[in-house]
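Residues in the sequence shown are numbered from 11 upward in steps of one, following the working numbering.
Even for Gly, the Cβ is constructed at its ideal location relative to N, Cα and C.
Because the structure is a prediction, the values reported are computed rather than measured.
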Amino acid sequence: MQKERLKIDSIPTLGLALSVGVKAGRLVFCSGMAPLDAEGNLVGVGDIARQTEQTLDNLEKVLAAGGAGFEDVVKTTVFVTDARHFQTVNDIYARRFGKAPPARSTVQVGMMHPDLMIEIEAIAVVEDAA
């Protein structure tokens, strides 16, 4: 199976040993996306809605680099630092994923940066090339 490591210039890896995404055959694996801008700055400190939007914007870029979109996602894992933010995150997530959302797990966790409130990873399946 052929593997392609995805690189998106507007999504910094901050020197971490990871690929933002990997396309393996028809599968696209997206690393956990965080609410970072192109310079690696955290967006929306203290604002879960803004952080969720930025995280999903970054996820969308990785999916696109792998030839996928939100409609191709089959599984996500959403990590939040505070379960009280669940409804806000869920409302934005539902709007972005539409009427056919993927399987999802949502987990409350501690993050590596104290102001980071959300991270989302995803797996997508793309159609066979014609």
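Based on the DSSP output, what are the partners of residue i in its beta bridges?
i	result
residue 61	In DSSP, residue 61 forms no bridge with anything.
residue 102	None; residue 102 has no bridge partner.
residue 43	130
residue 115	87
residue 16	31
Please classify residue i: is it buried, with 16 or more other beta-carbons within 10 angstroms of its beta-carbon, or exposed?
i	result
residue 33	buried
residue 11	exposed
residue 64	buried
residue 90	buried
residue 61	buried
residue 24	exposed
residue 76	buried
residue 82	buried
Between residue i and residue j, is the Cβ-Cβ spacing less than 8 Å?
i	j	result
residue 134	residue 74	no
residue 72	residue 108	no
residue 117	residue 87	yes
residue 66	residue 114	no
residue 110	residue 69	no
residue 98	residue 59	yes
Mapping DSSP to helix, strand and coil, what is residue i?
i	result
residue 90	strand
residue 53	coil
residue 37	strand
residue 32	strand
residue 135	strand
residue 69	helix
residue 75	helix
Looking only at its chain, what residues have a beta carbon closer than 6 Å to the beta carbon of residue i, apart from the 5 residues adjacent to it on each side?
i	result
residue 20	48
Excluding the 5 residues preceding and the 5 following residue i in the sequence, name in chain order all residues of the same chain whose CB lies nearer than 7 Å to its CB.
i	result
residue 15	29, 32
Looking only at its own chain, which residues have a Cβ that is under 8 Å from the Cβ of residue i, when we skip the five neighbours before and after it?
i	result
residue 125	52, 55, 56
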